[in-house]
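As C-alpha coordinates, the structure follows; a few thoughts come after it.
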Amino acid sequence: MAAVLEAGPSSVISGHHACLWHGLGNAHGHAHVLALVPGSQASRTTGFLRVARTSRPVPAPVVRGPLRVAPPARAVVDAARATRTPHEAAAIVIEAVQRELVTMEQVAHEVEAGARRGSAPVRRAVELAAAGAWSAPEAELLELCASSSLLPHVWPNPRLRRPDGVALLSPDGWLDDVGLALMVHSKAYHLRDADWQATVERDGELQEAGVVVLGFTPASVASQPGAVLARIERTYTRLVASRHRRADVVMTPRGPGLQR
(Lines of atoms letter the chains of each structure in order from A; the text may use other names.)
(Lines give C-alpha, C1' and ligand atoms only; values in the text may rest on other atoms or scores of the structure.)
Protein backbone atom coordinates (compact mmCIF):
# COMPACT_ATOMS: atom_id res chain seq x y z
CA MET A 6 0.00 0.00 0.00
CA ALA A 7 2.82 2.40 0.85
CA ALA A 8 4.36 1.72 -2.57
CA VAL A 9 1.13 2.73 -4.31
CA LEU A 10 0.89 5.94 -2.29
CA GLU A 11 4.49 6.80 -3.15
CA ALA A 12 4.40 5.81 -6.84
CA GLY A 13 0.92 7.13 -7.63
CA PRO A 14 -2.47 5.69 -8.60
CA SER A 15 -1.38 4.82 -12.15
CA SER A 16 1.46 2.59 -10.92
CA VAL A 17 1.47 -1.20 -11.20
CA ILE A 18 3.46 -3.41 -8.81
CA SER A 19 5.60 -5.94 -10.68
CA GLY A 20 8.75 -8.00 -10.22
CA HIS A 21 9.61 -9.93 -7.06
CA HIS A 22 6.91 -8.50 -4.80
CA ALA A 23 4.21 -9.09 -7.40
CA CYS A 24 5.45 -12.69 -7.69
CA LEU A 25 5.20 -13.08 -3.92
CA TRP A 26 1.68 -11.66 -4.08
CA HIS A 27 0.85 -14.32 -6.70
CA GLY A 28 2.21 -17.01 -4.34
CA LEU A 29 5.71 -17.78 -5.68
CA GLY A 30 8.06 -18.72 -2.86
CA ASN A 31 11.27 -18.39 -4.89
CA ALA A 32 10.78 -14.64 -5.39
CA HIS A 33 11.98 -13.70 -1.91
CA GLY A 34 15.07 -11.72 -0.96
CA HIS A 35 14.68 -8.62 -3.12
CA ALA A 36 14.72 -5.37 -1.17
CA HIS A 37 13.05 -2.95 -3.57
CA VAL A 38 9.40 -2.97 -4.56
CA LEU A 39 9.15 -2.44 -8.33
CA ALA A 40 6.42 -0.03 -9.41
CA LEU A 41 5.88 0.47 -13.14
CA VAL A 42 4.59 3.86 -14.25
CA PRO A 43 3.72 5.36 -17.66
CA GLY A 44 6.55 6.67 -19.80
CA SER A 45 5.52 10.26 -19.12
CA GLN A 46 6.61 9.90 -15.48
CA ALA A 47 10.14 9.84 -14.11
CA SER A 48 12.05 6.80 -12.86
CA ARG A 49 13.46 7.02 -9.34
CA THR A 50 14.52 4.96 -6.34
CA THR A 51 13.40 6.02 -2.87
CA GLY A 52 14.07 3.82 0.14
CA PHE A 53 12.25 0.53 -0.44
CA LEU A 54 10.69 1.62 -3.74
CA ARG A 55 12.03 1.56 -7.29
CA VAL A 56 9.80 3.41 -9.72
CA ALA A 57 10.50 2.45 -13.34
CA ARG A 58 8.80 4.01 -16.32
CA THR A 59 7.72 1.69 -19.09
CA SER A 60 6.68 2.20 -22.68
CA ARG A 61 4.68 -1.04 -22.50
CA PRO A 62 1.43 -0.57 -20.57
CA VAL A 63 0.63 -3.50 -18.31
CA PRO A 64 -2.43 -5.28 -19.73
CA ALA A 65 -5.17 -6.28 -17.31
CA PRO A 66 -3.46 -5.65 -13.96
CA VAL A 67 -5.01 -7.42 -10.99
CA VAL A 68 -6.84 -4.74 -8.99
CA ARG A 69 -7.46 -5.04 -5.26
CA GLY A 70 -8.72 -1.71 -3.98
CA PRO A 71 -5.99 0.85 -4.69
CA LEU A 72 -3.44 -1.92 -5.32
CA ARG A 73 -2.68 -2.75 -8.96
CA VAL A 74 -0.51 -5.85 -9.53
CA ALA A 75 1.00 -7.01 -12.81
CA PRO A 76 -0.38 -10.30 -14.17
CA PRO A 77 1.80 -13.35 -13.51
CA ALA A 78 3.76 -13.48 -16.79
CA ARG A 79 4.82 -9.82 -16.60
CA ALA A 80 5.65 -10.13 -12.89
CA VAL A 81 7.73 -13.28 -13.44
CA VAL A 82 9.74 -11.84 -16.33
CA ASP A 83 10.36 -8.53 -14.55
CA ALA A 84 11.52 -10.43 -11.47
CA ALA A 85 13.78 -12.73 -13.48
CA ARG A 86 15.36 -9.73 -15.22
CA ALA A 87 16.17 -8.18 -11.84
CA THR A 88 17.83 -11.26 -10.32
CA ARG A 89 21.49 -11.33 -9.42
CA THR A 90 22.23 -14.75 -10.92
CA PRO A 91 20.85 -17.01 -13.69
CA HIS A 92 20.09 -19.57 -10.96
CA GLU A 93 17.70 -17.14 -9.25
CA ALA A 94 16.02 -16.35 -12.56
CA ALA A 95 15.56 -20.06 -13.30
CA ALA A 96 14.10 -20.68 -9.84
CA ILE A 97 11.38 -18.06 -10.37
CA VAL A 98 10.47 -19.02 -13.94
CA ILE A 99 10.46 -22.77 -13.32
CA GLU A 100 8.36 -22.45 -10.16
CA ALA A 101 5.80 -20.30 -11.99
CA VAL A 102 5.55 -22.86 -14.80
CA GLN A 103 5.39 -25.86 -12.45
CA ARG A 104 2.65 -24.25 -10.36
CA GLU A 105 0.77 -23.56 -13.62
CA LEU A 106 0.66 -19.86 -12.79
CA VAL A 107 1.97 -19.18 -16.30
CA THR A 108 2.51 -21.14 -19.48
CA MET A 109 5.78 -21.37 -21.36
CA GLU A 110 4.14 -19.51 -24.24
CA GLN A 111 3.09 -16.61 -21.99
CA VAL A 112 6.56 -16.23 -20.52
CA ALA A 113 8.28 -16.49 -23.91
CA HIS A 114 5.91 -13.88 -25.36
CA GLU A 115 6.61 -11.51 -22.47
CA VAL A 116 10.36 -11.94 -22.89
CA GLU A 117 10.20 -11.18 -26.61
CA ALA A 118 7.97 -8.16 -26.03
CA GLY A 119 10.46 -6.60 -23.63
CA ALA A 120 13.89 -5.08 -24.11
CA ARG A 121 16.64 -7.43 -25.25
CA ARG A 122 19.21 -5.73 -23.04
CA GLY A 123 19.55 -7.56 -19.73
CA SER A 124 17.36 -10.45 -20.87
CA ALA A 125 20.04 -13.19 -20.99
CA PRO A 126 19.24 -14.70 -17.54
CA VAL A 127 15.51 -14.87 -18.17
CA ARG A 128 16.00 -16.27 -21.68
CA ARG A 129 18.18 -19.03 -20.25
CA ALA A 130 15.58 -19.66 -17.55
CA VAL A 131 12.92 -20.10 -20.22
CA GLU A 132 15.17 -22.57 -22.08
CA LEU A 133 15.67 -24.60 -18.90
CA ALA A 134 11.97 -24.69 -18.10
CA ALA A 135 11.18 -25.70 -21.69
CA ALA A 136 13.84 -28.42 -21.51
CA GLY A 137 11.86 -30.13 -18.76
CA ALA A 138 13.54 -29.09 -15.51
CA TRP A 139 11.10 -29.08 -12.59
CA SER A 140 13.27 -27.08 -10.19
CA ALA A 141 16.32 -24.83 -10.22
CA PRO A 142 18.62 -27.57 -8.81
CA GLU A 143 17.46 -29.91 -11.59
CA ALA A 144 18.22 -27.18 -14.11
CA GLU A 145 21.74 -26.83 -12.73
CA LEU A 146 22.24 -30.59 -13.00
CA LEU A 147 21.02 -30.60 -16.61
CA GLU A 148 23.40 -27.78 -17.52
CA LEU A 149 26.25 -29.59 -15.80
CA CYS A 150 25.63 -32.83 -17.69
CA ALA A 151 25.23 -30.97 -20.99
CA SER A 152 28.71 -29.51 -20.51
CA SER A 153 30.25 -33.00 -20.59
CA SER A 154 31.84 -34.32 -23.77
CA LEU A 155 31.61 -37.86 -22.38
CA LEU A 156 27.99 -38.25 -21.32
CA PRO A 157 25.12 -39.02 -23.70
CA HIS A 158 21.92 -37.01 -23.75
CA VAL A 159 20.29 -36.68 -20.32
CA TRP A 160 16.49 -36.85 -20.26
CA PRO A 161 14.78 -34.79 -17.54
CA ASN A 162 11.97 -36.33 -15.49
CA PRO A 163 11.02 -39.10 -17.93
CA ARG A 164 8.28 -41.62 -17.30
CA LEU A 165 9.65 -45.06 -16.41
CA ARG A 166 7.65 -48.28 -16.50
CA ARG A 167 8.44 -51.89 -15.80
CA PRO A 168 7.65 -54.46 -18.53
CA ASP A 169 4.37 -55.23 -16.74
CA GLY A 170 3.31 -51.59 -17.09
CA VAL A 171 3.82 -50.57 -13.47
CA ALA A 172 4.98 -46.95 -13.23
CA LEU A 173 8.23 -46.20 -11.41
CA LEU A 174 9.50 -43.00 -9.85
CA SER A 175 10.56 -40.40 -12.43
CA PRO A 176 14.26 -39.60 -11.98
CA ASP A 177 15.43 -36.00 -12.26
CA GLY A 178 17.85 -37.08 -14.99
CA TRP A 179 18.06 -40.29 -17.03
CA LEU A 180 20.87 -41.78 -19.15
CA ASP A 181 18.93 -44.28 -21.20
CA ASP A 182 21.62 -46.46 -22.75
CA VAL A 183 22.85 -47.73 -19.36
CA GLY A 184 19.75 -47.14 -17.24
CA LEU A 185 21.38 -44.58 -14.94
CA ALA A 186 19.12 -42.35 -12.83
CA LEU A 187 20.21 -39.01 -11.38
CA MET A 188 18.35 -37.63 -8.37
CA VAL A 189 18.57 -34.24 -6.66
CA HIS A 190 17.01 -34.43 -3.21
CA SER A 191 15.91 -31.25 -1.47
CA LYS A 192 13.21 -30.58 1.11
CA ALA A 193 12.92 -27.03 -0.24
CA TYR A 194 11.26 -28.31 -3.41
CA HIS A 195 8.64 -30.46 -1.68
CA LEU A 196 5.59 -28.90 -0.08
CA ARG A 197 5.65 -31.27 2.91
CA ASP A 198 8.41 -33.21 4.65
CA ALA A 199 6.40 -36.36 3.94
CA ASP A 200 6.68 -35.67 0.19
CA TRP A 201 10.45 -35.42 0.44
CA GLN A 202 10.74 -38.55 2.60
CA ALA A 203 8.54 -40.52 0.21
CA THR A 204 10.63 -39.46 -2.78
CA VAL A 205 13.89 -40.45 -1.09
CA GLU A 206 12.46 -43.81 -0.04
CA ARG A 207 11.23 -44.49 -3.58
CA ASP A 208 14.84 -44.44 -4.80
CA GLY A 209 14.83 -48.01 -3.53
CA GLU A 210 11.99 -48.78 -5.92
CA LEU A 211 14.23 -47.87 -8.84
CA GLN A 212 17.11 -49.92 -7.47
CA GLU A 213 14.84 -52.94 -7.04
CA ALA A 214 14.03 -52.64 -10.75
CA GLY A 215 17.75 -52.80 -11.56
CA VAL A 216 18.26 -49.07 -12.08
CA VAL A 217 21.58 -47.58 -10.96
CA VAL A 218 20.81 -44.45 -8.92
CA LEU A 219 23.12 -41.54 -8.12
CA GLY A 220 21.83 -39.06 -5.56
CA PHE A 221 22.97 -35.50 -4.94
CA THR A 222 21.95 -32.52 -2.86
CA PRO A 223 21.31 -29.09 -4.40
CA ALA A 224 24.20 -27.76 -2.31
CA SER A 225 26.68 -30.22 -3.81
CA VAL A 226 25.52 -29.50 -7.36
CA ALA A 227 25.91 -25.76 -6.77
CA SER A 228 29.16 -25.72 -4.77
CA GLN A 229 31.00 -28.78 -6.13
CA PRO A 230 29.91 -29.11 -9.77
CA GLY A 231 33.24 -30.58 -10.84
CA ALA A 232 33.04 -33.36 -8.28
CA VAL A 233 29.41 -34.09 -9.11
CA LEU A 234 30.09 -34.31 -12.85
CA ALA A 235 33.19 -36.46 -12.29
CA ARG A 236 31.13 -38.92 -10.24
CA ILE A 237 28.47 -39.15 -12.95
CA GLU A 238 31.08 -39.63 -15.67
CA ARG A 239 32.94 -42.30 -13.66
CA THR A 240 29.75 -44.23 -13.05
CA TYR A 241 28.66 -43.98 -16.68
CA THR A 242 32.10 -45.07 -17.94
CA ARG A 243 32.15 -48.02 -15.54
CA LEU A 244 28.70 -49.18 -16.64
CA VAL A 245 29.66 -49.00 -20.32
CA ALA A 246 33.01 -50.75 -19.81
CA SER A 247 31.50 -53.55 -17.73
CA ARG A 248 28.76 -54.15 -20.31
CA HIS A 249 26.31 -53.57 -17.51
CA ARG A 250 22.94 -55.16 -18.11
CA ARG A 251 20.55 -52.26 -18.41
CA ALA A 252 17.46 -52.32 -16.22
CA ASP A 253 14.45 -53.71 -18.04
CA VAL A 254 12.42 -50.52 -17.97
CA VAL A 255 10.72 -48.50 -20.68
CA MET A 256 11.47 -44.77 -20.81
CA THR A 257 9.11 -42.17 -22.26
CA PRO A 258 10.46 -38.60 -22.44
CA ARG A 259 8.54 -35.74 -20.86
CA GLY A 260 10.83 -32.92 -21.94
CA PRO A 261 13.47 -32.61 -24.66
CA GLY A 262 16.35 -31.89 -22.32
CA LEU A 263 19.23 -29.58 -23.20
CA GLN A 264 20.99 -29.82 -26.53
CA ARG A 265 24.76 -29.38 -26.63
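Here the working numbering is used: the first residue of the sequence shown is 6, the next is one more, and so on.
Beta carbons: idealized from backbone N, C-alpha and C, even for Gly.
Model, not experiment: these values are computed from the prediction.
Under 8 Å by Cβ, that's how I've got residue i and residue j pegged, so tell me the actual separation to the nearest angstrom.
| i | j | result |
| --- | --- | --- |
| GLY220 | ASP253 | Not really, about 22 Å apart at Cβ, beyond 8 Å. |
| GLY217 | ALA186 | Here the sequence assigns Val to residue 217, which means Gly is not the residue at that position. Indeed they touch by this definition, with Cβ atoms about 7 Å apart. |
| VAL127 | VAL116 | 6 Å |
| PRO258 | PRO163 | 5 Å |
| ALA125 | MET109 | Rounded, the Cβ-Cβ distance is 18 Å, inconsistent with contact. |
From residue i to residue j, what distance separates their C-alpha atoms?
| i | j | result |
| --- | --- | --- |
| GLY52 | HIS37 | 8 Å |
| GLY137 | PRO161 | 6 Å |
| VAL131 | HIS249 | 36 Å |
| PRO261 | GLU210 | 25 Å |
| VAL189 | LEU146 | 8 Å |
| ARG236 | LEU156 | 12 Å |
| VAL98 | ALA75 | 15 Å |
| GLY34 | SER247 | 48 Å |
| VAL245 | ALA144 | 25 Å |
| GLN264 | HIS158 | 8 Å |
| SER152 | ARG69 | 46 Å |
| PRO66 | GLY13 | 15 Å |
| GLN229 | TYR241 | 19 Å |
Sort out for me which residues DSSP pairs residue i with in a bridge.
| i | result |
| --- | --- |
| ILE18 | ALA40 and VAL74 |
| ARG166 | ALA172 and VAL255 |
| VAL189 | PHE221 |
| PRO64 | For PRO64, which the question treats as bridged, DSSP gives no partner whatsoever. |
Hey, out of the options, whose CA is closest to residue i's CA?
| i | options | result |
| --- | --- | --- |
| GLU148 | GLU110, VAL226 and THR222 | VAL226 |
| LEU133 | MET188, ASP169 and ALA94 | ALA94 |
| GLY119 | ALA85, SER140 and TRP139 | ALA85 |
| THR222 | ALA141, LEU174 and GLU110 | ALA141 |
Measuring CB to CB, does residue i end up less than 8 Å from residue j?
| i | j | result |
| --- | --- | --- |
| LEU304 | SER15 | Residue 304 is absent from the structure shown; the chain starts at 6 and stops at 265. |
| VAL82 | VAL112 | yes |
| ALA80 | HIS27 | yes |
| ARG58 | SER48 | yes |
| ALA101 | PRO64 | no |
| GLY96 | HIS21 | Looking at the sequence itself, residue 96 is Ala, so the reference to Gly does not match. The answer is no: Cβ separation not under 8 Å. |
| TRP179 | MET256 | yes |
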